[in-house]
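For reference, the structure is listed below as C-alpha coordinates.
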Amino acid sequence: MTVTATRSIAVPAAKEKAHPHKPGDRPFGPLRIAAFAVLLLLAIGWLLPFLWAVATAFKTETDAASGDPGWIGASGPTTDAFTAIMSQGNVWLWAGNSLLTSAVITAITLAISALAAYAFSRLDFAGRKWLFAVVIAGIVVPPQAIIIPLFYQMLAFNMVDTYWGLILPQVVVPAMVFILKQFFDGVPIELEDAARVDGAGRFRIFWSIVLPLSRPILAAVAIFVFIGAWNNFLWPFLVINDTTLMTLPVGLQTVISAYGVQYAQVMAQAVLAALPLIAVFLVFQKQIVKGVATTGFGGT
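In our numbering, the protein residues as written are 988 to 1287.
Take a look at the structure:
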(Lines of atoms letter the chains of each structure in order from A and count residues from 1; the text may use other names and numbers.)
(Lines give C-alpha, C1' and ligand atoms only; values in the text may rest on other atoms or scores of the structure.)
Protein backbone atom coordinates (compact mmCIF):
# COMPACT_ATOMS: atom_id res chain seq x y z
CA MET A 1 0.00 0.00 0.00
CA THR A 2 2.84 2.36 0.84
CA VAL A 3 4.67 1.66 -2.45
CA THR A 4 1.51 2.10 -4.49
CA ALA A 5 0.66 5.38 -2.84
CA THR A 6 4.20 6.62 -3.28
CA ARG A 7 4.14 5.79 -7.00
CA SER A 8 0.72 7.39 -7.50
CA ILE A 9 2.03 10.58 -5.94
CA ALA A 10 5.41 10.49 -7.72
CA VAL A 11 4.02 10.17 -11.24
CA PRO A 12 1.98 13.41 -11.21
CA ALA A 13 4.93 15.16 -9.59
CA ALA A 14 7.19 14.05 -12.43
CA LYS A 15 4.67 15.20 -15.02
CA GLU A 16 4.35 18.54 -13.28
CA LYS A 17 8.11 18.92 -13.29
CA ALA A 18 8.33 18.04 -16.98
CA HIS A 19 5.69 20.65 -17.86
CA PRO A 20 6.09 23.45 -15.29
CA HIS A 21 4.39 26.06 -17.47
CA LYS A 22 1.17 26.13 -19.39
CA PRO A 23 1.22 27.00 -23.14
CA GLY A 24 1.55 30.76 -23.54
CA ASP A 25 2.67 31.11 -19.88
CA ARG A 26 6.42 30.82 -20.41
CA PRO A 27 8.75 33.39 -18.85
CA PHE A 28 10.22 36.15 -20.99
CA GLY A 29 13.68 34.95 -21.90
CA PRO A 30 16.23 36.79 -24.08
CA LEU A 31 15.09 35.06 -27.28
CA ARG A 32 11.43 35.88 -26.68
CA ILE A 33 12.22 39.51 -25.87
CA ALA A 34 14.30 39.74 -29.06
CA ALA A 35 11.43 38.23 -31.08
CA PHE A 36 8.96 40.74 -29.65
CA ALA A 37 11.39 43.58 -30.40
CA VAL A 38 11.72 42.49 -34.03
CA LEU A 39 7.95 42.14 -34.41
CA LEU A 40 7.45 45.58 -32.85
CA LEU A 41 9.89 47.15 -35.32
CA LEU A 42 8.14 45.43 -38.24
CA ALA A 43 4.74 46.64 -37.00
CA ILE A 44 6.02 50.21 -36.69
CA GLY A 45 7.52 50.02 -40.18
CA TRP A 46 4.18 48.81 -41.56
CA LEU A 47 2.19 51.51 -39.75
CA LEU A 48 4.45 54.47 -40.58
CA PRO A 49 3.15 55.01 -44.17
CA PHE A 50 -0.46 54.96 -42.99
CA LEU A 51 0.29 57.31 -40.09
CA TRP A 52 2.11 59.63 -42.50
CA ALA A 53 -0.93 59.61 -44.82
CA VAL A 54 -3.21 60.49 -41.89
CA ALA A 55 -0.88 63.28 -40.77
CA THR A 56 -0.67 64.71 -44.31
CA ALA A 57 -4.45 64.54 -44.72
CA PHE A 58 -4.82 66.90 -41.75
CA LYS A 59 -2.42 69.49 -43.19
CA THR A 60 -3.20 72.45 -45.41
CA GLU A 61 -2.21 72.12 -49.06
CA THR A 62 0.55 74.67 -48.51
CA ASP A 63 2.04 72.71 -45.61
CA ALA A 64 1.69 69.39 -47.46
CA ALA A 65 3.52 70.75 -50.52
CA SER A 66 6.22 72.56 -48.55
CA GLY A 67 8.30 69.45 -47.97
CA ASP A 68 8.35 69.99 -44.21
CA PRO A 69 8.98 66.55 -42.66
CA GLY A 70 7.06 67.43 -39.50
CA TRP A 71 4.00 65.43 -38.56
CA ILE A 72 2.00 68.61 -37.91
CA GLY A 73 2.02 71.47 -40.41
CA ALA A 74 3.02 74.99 -39.53
CA SER A 75 -0.63 76.10 -39.80
CA GLY A 76 -1.76 73.38 -37.40
CA PRO A 77 -4.13 70.45 -38.07
CA THR A 78 -7.12 71.11 -40.29
CA THR A 79 -9.91 69.11 -41.93
CA ASP A 80 -9.96 71.24 -45.10
CA ALA A 81 -8.83 68.32 -47.29
CA PHE A 82 -11.67 66.10 -46.07
CA THR A 83 -14.17 68.93 -46.47
CA ALA A 84 -13.01 69.51 -50.05
CA ILE A 85 -13.28 65.81 -50.93
CA MET A 86 -16.73 65.46 -49.41
CA SER A 87 -18.03 68.57 -51.18
CA GLN A 88 -16.68 67.73 -54.65
CA GLY A 89 -17.85 64.14 -55.09
CA ASN A 90 -20.65 61.72 -54.34
CA VAL A 91 -18.64 60.02 -51.63
CA TRP A 92 -21.59 58.42 -49.85
CA LEU A 93 -23.03 57.12 -53.12
CA TRP A 94 -19.66 55.61 -54.08
CA ALA A 95 -19.29 54.06 -50.64
CA GLY A 96 -22.76 52.51 -51.01
CA ASN A 97 -21.81 51.12 -54.42
CA SER A 98 -18.64 49.62 -52.96
CA LEU A 99 -20.55 48.08 -50.07
CA LEU A 100 -23.23 46.62 -52.35
CA THR A 101 -20.88 45.18 -54.97
CA SER A 102 -18.37 43.86 -52.41
CA ALA A 103 -21.11 42.11 -50.43
CA VAL A 104 -22.61 40.49 -53.56
CA ILE A 105 -19.16 39.46 -54.83
CA THR A 106 -18.36 37.91 -51.45
CA ALA A 107 -21.62 35.95 -51.28
CA ILE A 108 -21.38 34.60 -54.84
CA THR A 109 -17.67 33.80 -54.50
CA LEU A 110 -18.28 31.86 -51.30
CA ALA A 111 -21.08 29.84 -52.90
CA ILE A 112 -19.12 29.01 -56.07
CA SER A 113 -15.82 28.32 -54.28
CA ALA A 114 -17.37 26.14 -51.57
CA LEU A 115 -19.35 24.01 -54.03
CA ALA A 116 -16.39 23.62 -56.39
CA ALA A 117 -13.98 22.82 -53.56
CA TYR A 118 -16.32 20.19 -52.10
CA ALA A 119 -16.72 18.57 -55.51
CA PHE A 120 -12.93 18.40 -55.97
CA SER A 121 -12.50 17.06 -52.44
CA ARG A 122 -15.22 14.40 -52.29
CA LEU A 123 -16.57 13.56 -55.76
CA ASP A 124 -14.81 11.26 -58.19
CA PHE A 125 -15.68 12.34 -61.72
CA ALA A 126 -13.99 12.12 -65.11
CA GLY A 127 -11.28 14.71 -65.61
CA ARG A 128 -11.23 15.72 -61.95
CA LYS A 129 -7.45 15.94 -61.68
CA TRP A 130 -7.07 17.83 -64.95
CA LEU A 131 -9.80 20.29 -64.04
CA PHE A 132 -8.23 20.92 -60.65
CA ALA A 133 -4.91 21.48 -62.41
CA VAL A 134 -6.63 24.19 -64.45
CA VAL A 135 -7.83 25.78 -61.21
CA ILE A 136 -4.28 25.73 -59.83
CA ALA A 137 -3.00 27.26 -63.08
CA GLY A 138 -5.59 30.02 -62.71
CA ILE A 139 -3.93 31.08 -59.46
CA VAL A 140 -0.68 32.00 -61.20
CA VAL A 141 -2.31 33.87 -64.11
CA PRO A 142 -2.16 37.63 -63.41
CA PRO A 143 -5.62 39.25 -63.55
CA GLN A 144 -4.19 41.96 -65.81
CA ALA A 145 -3.48 39.34 -68.48
CA ILE A 146 -7.19 38.63 -69.00
CA ILE A 147 -8.53 42.13 -68.41
CA ILE A 148 -8.98 42.92 -72.13
CA PRO A 149 -10.85 39.67 -73.01
CA LEU A 150 -13.08 40.23 -69.98
CA PHE A 151 -13.87 43.76 -71.10
CA TYR A 152 -14.82 42.62 -74.61
CA GLN A 153 -16.96 39.87 -73.11
CA MET A 154 -18.84 42.37 -70.95
CA LEU A 155 -19.17 44.62 -73.99
CA ALA A 156 -20.70 41.76 -76.02
CA PHE A 157 -23.19 41.05 -73.21
CA ASN A 158 -24.09 44.75 -72.87
CA MET A 159 -22.88 44.73 -69.27
CA VAL A 160 -20.54 47.72 -69.44
CA ASP A 161 -21.68 50.42 -67.02
CA THR A 162 -23.80 47.94 -65.06
CA TYR A 163 -23.50 46.42 -61.61
CA TRP A 164 -23.39 42.89 -63.07
CA GLY A 165 -20.56 43.85 -65.40
CA LEU A 166 -18.68 44.99 -62.32
CA ILE A 167 -19.54 41.97 -60.18
CA LEU A 168 -19.47 38.84 -62.37
CA PRO A 169 -15.79 38.90 -63.47
CA GLN A 170 -14.74 39.05 -59.82
CA VAL A 171 -16.70 36.08 -58.44
CA VAL A 172 -14.39 33.31 -59.70
CA VAL A 173 -11.32 33.18 -57.43
CA PRO A 174 -9.22 30.01 -57.99
CA ALA A 175 -7.13 30.63 -54.86
CA MET A 176 -10.23 30.40 -52.65
CA VAL A 177 -11.26 27.13 -54.31
CA PHE A 178 -7.84 25.70 -53.53
CA ILE A 179 -7.91 26.89 -49.90
CA LEU A 180 -11.37 25.49 -49.25
CA LYS A 181 -10.51 22.22 -50.98
CA GLN A 182 -7.50 21.80 -48.71
CA PHE A 183 -9.72 22.32 -45.68
CA PHE A 184 -12.46 19.95 -46.88
CA ASP A 185 -9.81 17.26 -47.37
CA GLY A 186 -9.22 17.40 -43.61
CA VAL A 187 -12.87 16.93 -42.64
CA PRO A 188 -13.27 13.33 -41.37
CA ILE A 189 -14.99 11.23 -44.01
CA GLU A 190 -16.53 9.11 -41.24
CA LEU A 191 -18.92 11.92 -40.39
CA GLU A 192 -20.27 11.92 -43.93
CA ASP A 193 -20.47 8.13 -44.02
CA ALA A 194 -22.55 8.14 -40.83
CA ALA A 195 -24.90 10.77 -42.29
CA ARG A 196 -25.19 8.78 -45.52
CA VAL A 197 -26.19 5.68 -43.54
CA ASP A 198 -28.95 7.77 -41.93
CA GLY A 199 -30.26 8.59 -45.40
CA ALA A 200 -28.77 12.06 -45.94
CA GLY A 201 -28.06 13.04 -49.53
CA ARG A 202 -24.90 14.68 -50.82
CA PHE A 203 -26.21 18.23 -50.64
CA ARG A 204 -27.70 17.65 -47.16
CA ILE A 205 -24.31 16.40 -45.96
CA PHE A 206 -22.60 19.43 -47.47
CA TRP A 207 -25.11 21.88 -45.98
CA SER A 208 -25.64 20.33 -42.54
CA ILE A 209 -22.24 18.82 -41.74
CA VAL A 210 -19.41 20.23 -43.87
CA LEU A 211 -20.38 23.90 -43.87
CA PRO A 212 -20.96 24.16 -40.08
CA LEU A 213 -17.53 22.60 -39.51
CA SER A 214 -16.02 25.07 -41.97
CA ARG A 215 -17.18 28.31 -40.34
CA PRO A 216 -13.67 29.57 -39.44
CA ILE A 217 -12.28 29.11 -42.95
CA LEU A 218 -15.46 30.45 -44.56
CA ALA A 219 -15.30 33.56 -42.38
CA ALA A 220 -11.64 34.12 -43.23
CA VAL A 221 -12.25 33.60 -46.96
CA ALA A 222 -15.27 35.93 -46.90
CA ILE A 223 -13.30 38.70 -45.21
CA PHE A 224 -10.38 38.46 -47.61
CA VAL A 225 -12.68 38.36 -50.65
CA PHE A 226 -14.58 41.38 -49.34
CA ILE A 227 -11.36 43.33 -48.78
CA GLY A 228 -10.09 42.42 -52.24
CA ALA A 229 -13.35 43.47 -53.88
CA TRP A 230 -13.46 46.74 -51.94
CA ASN A 231 -9.86 47.62 -52.88
CA ASN A 232 -10.17 46.59 -56.53
CA PHE A 233 -9.47 49.60 -58.71
CA LEU A 234 -8.44 48.47 -62.19
CA TRP A 235 -11.54 46.51 -63.24
CA PRO A 236 -14.12 49.02 -61.87
CA PHE A 237 -12.09 51.81 -63.48
CA LEU A 238 -12.32 50.12 -66.90
CA VAL A 239 -15.89 48.84 -66.89
CA ILE A 240 -17.68 51.77 -65.20
CA ASN A 241 -17.92 55.24 -66.74
CA ASP A 242 -21.15 56.37 -65.12
CA THR A 243 -20.25 58.39 -62.01
CA THR A 244 -23.38 57.16 -60.22
CA LEU A 245 -22.15 53.54 -60.49
CA MET A 246 -18.53 54.11 -59.47
CA THR A 247 -17.04 52.42 -56.43
CA LEU A 248 -15.26 54.43 -53.76
CA PRO A 249 -11.63 53.86 -54.92
CA VAL A 250 -12.54 54.85 -58.50
CA GLY A 251 -14.85 57.72 -57.57
CA LEU A 252 -12.29 59.35 -55.29
CA GLN A 253 -9.80 59.45 -58.15
CA THR A 254 -12.19 61.62 -60.15
CA VAL A 255 -12.01 64.33 -57.50
CA ILE A 256 -9.13 66.18 -59.13
CA SER A 257 -8.37 69.83 -58.64
CA ALA A 258 -7.51 72.13 -61.53
CA TYR A 259 -4.50 73.38 -59.57
CA GLY A 260 -2.40 70.25 -59.99
CA VAL A 261 -1.67 67.56 -57.42
CA GLN A 262 -3.25 68.32 -54.07
CA TYR A 263 -1.24 66.18 -51.67
CA ALA A 264 -3.47 66.68 -48.64
CA GLN A 265 -6.55 65.74 -50.66
CA VAL A 266 -4.82 62.65 -52.11
CA MET A 267 -3.98 61.47 -48.60
CA ALA A 268 -7.51 62.27 -47.43
CA GLN A 269 -8.84 60.08 -50.27
CA ALA A 270 -6.60 57.21 -49.16
CA VAL A 271 -7.71 57.53 -45.54
CA LEU A 272 -11.41 57.64 -46.47
CA ALA A 273 -11.04 54.54 -48.65
CA ALA A 274 -9.20 52.67 -45.88
CA LEU A 275 -11.54 53.50 -42.99
CA PRO A 276 -14.25 50.89 -43.86
CA LEU A 277 -11.62 48.16 -44.18
CA ILE A 278 -10.12 49.10 -40.83
CA ALA A 279 -13.58 48.86 -39.30
CA VAL A 280 -14.12 45.42 -40.88
CA PHE A 281 -10.81 44.19 -39.52
CA LEU A 282 -11.46 45.51 -36.02
CA VAL A 283 -14.87 43.81 -35.93
CA PHE A 284 -13.78 40.49 -37.44
CA GLN A 285 -10.15 40.24 -36.36
CA LYS A 286 -10.83 37.15 -34.22
CA GLN A 287 -12.32 35.35 -37.21
CA ILE A 288 -9.36 36.34 -39.39
CA VAL A 289 -6.78 35.12 -36.85
CA LYS A 290 -8.73 31.93 -36.13
CA GLY A 291 -9.18 31.17 -39.80
CA VAL A 292 -5.52 31.69 -40.59
CA ALA A 293 -4.25 29.88 -37.50
CA THR A 294 -6.50 26.81 -37.47
CA THR A 295 -7.41 26.04 -41.06
CA GLY A 296 -4.12 25.80 -42.89
CA PHE A 297 -4.20 29.03 -44.86
CA GLY A 298 -0.60 28.41 -45.75
CA GLY A 299 -1.53 25.31 -47.76
CA THR A 300 -1.01 22.74 -44.97
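Beta carbons are placed, not taken as given, at the ideal position from N, Cα and C, and that holds for glycine.
Here's the rule I'm using: 16 or more other beta-carbon atoms within 10 Å means buried, otherwise exposed. How should Lys-1116 be labelled?
One-based indexing of the sequence shown puts residue 1116 at position 129. Label assigned to Lys-1116: exposed.
Looking only at its own chain, which residues have a Cβ that is under 6 Å from the Cβ of Glu-1179, when we skip the five neighbours before and after it?
One-based indexing of the sequence shown puts residue 1179 at position 192. Ile-1192, listed in sequence order.
How big is the Cα-Cα spacing for Val-1025 and Gly-1032?
Numbered from 1 along the sequence shown, position 38 holds the residue referred to as residue 1025. Numbered from 1 along the sequence shown, position 45 holds the residue referred to as residue 1032. The straight-line gap from Cα to Cα measures roughly 11 Å.
Does Leu-1269 pass the burial test, meaning 16 or more other C-beta atoms within 10 Å, or should it be called exposed?
Position 282 of the sequence shown, counted from the start, is the residue given in the question as residue 1269. The residue is exposed, with fewer than 16 neighbouring Cβ atoms inside 10 Å.
Are three or more beta carbon pairs between the segment 1062-1081 and the segment 1122-1141 nearer than 8 Å?
no
Which residues in the same chain as Val-1208 place their Cβ atom closer than 6 Å to its Cβ, once the five residues preceding and following it in sequence are excluded?
Taking the first residue of the sequence shown as position 1, residue 1208 is located at position 221. Correct list, in chain order: Met-1163.
Which class does Val-1121 belong to by DSSP, given the choice of helix, strand or coil?
As a working note, residue 1121 is residue 134 in the sequence shown. Three-state DSSP puts Val-1121 in a helix.
By Cβ distance below 8 Å, which residues in the same chain neighbour Val-1122 in space, the five residues on each side in sequence not counted?
If you number the sequence shown from 1, residue 1122 lands on position 135. Result list for Val-1122: Ala-1103, Phe-1107, Pro-1161, Val-1164, Phe-1165, in chain order.
Same chain only: Cβ atoms within 8 Å of Ile-1092, ignoring 5 sequence neighbours per side
Here residue 1092 refers to the residue found at position 105 when the sequence shown is read from its first residue. If we look at Ile-1092 and ignore the five residues flanking it on each side, its Cβ neighbours are Ile-1154, Gln-1157, Val-1158, Val-1212, Phe-1213, Ala-1216.
Exposure of Val-1184, with buried meaning 16 or more beta-carbon neighbours within 10 Å:
The count along the sequence shown starts at 1 and reaches residue 1184 at position 197. Val-1184 comes out exposed.
Between the segment 1133-1147 and the segment 1081-1096, can you find at least three pairs of beta-carbon atoms closer than 8 Å?
no
Inter-residue Cα distance where the pair is Thr-1234 and Leu-1029
Within the sequence shown, residue 1234 is the residue found at index 247, counting from 1. Within the sequence shown, residue 1029 is the residue found at index 42, counting from 1. The straight-line gap from Cα to Cα measures roughly 32 Å.
Return the chain-ordered list of same chain residues with a C-beta closer than 8 Å to the C-beta of Trp-1222, the five sequence neighbours on each side being excluded.
One-based indexing of the sequence shown puts residue 1222 at position 235. The answer, listed in chain order, is Pro-1130, Ile-1134, Leu-1137, Leu-1153, Pro-1156, Gln-1157.
CB-CB length for Val-1253 against Val-1041, believed under 8 Å
Residue mapping note: residue 1253 aligns to position 266 of the sequence shown, counting from 1. Residue mapping note: residue 1041 aligns to position 54 of the sequence shown, counting from 1. Not a contact, Cβ separation roughly 13 Å.
For Asn-1228, I'd like the list of residues in its chain whose CB is within less than 6 Å of its CB, leaving aside the five on either flank, ordered along the chain.
As a first step, residue 1228 must be located in the sequence shown, where it is residue number 241. Same-chain partners within the cutoff: Asp-1148.
Applying the 10 Å Cβ sphere with the 16-neighbour rule, what's the burial state of Asp-1050?
Indexing the sequence shown from 1 puts residue 1050 at position 63. When all chains shown are included, Asp-1050 counts as buried.
Between which two residues does the alpha helix (DSSP H) holding Gly-1016 run?
What you label residue 1016 is simply residue 29 of the sequence shown in a count that begins at 1. Gly-1016 -> no alpha helix (DSSP H), and no H or E assigned at all.
Considering just the uninterrupted stretch of the alpha helix (DSSP H) at Ile-1133, what are its terminal residues?
Position 146 of the sequence shown, counted from the first residue, corresponds to residue 1133. Where Ile-1133 is concerned, there is no enclosing alpha helix (DSSP H), given that its DSSP letter is neither H nor E.
Measuring CA to CA, which of Ile-1210, Gln-1240, Leu-1205 is closest to Phe-1220?
Stepping through the sequence shown from its first residue, residue 1220 is reached at position 233. It is Gln-1240 whose Cα lies nearest to the Cα of Phe-1220.
Buried or exposed (CB count within 10 angstroms, at least 16 for buried), Thr-1043:
Here residue 1043 refers to the residue found at position 56 when the sequence shown is read from its first residue. Answer is buried; the Cβ neighbour count reaches 16.
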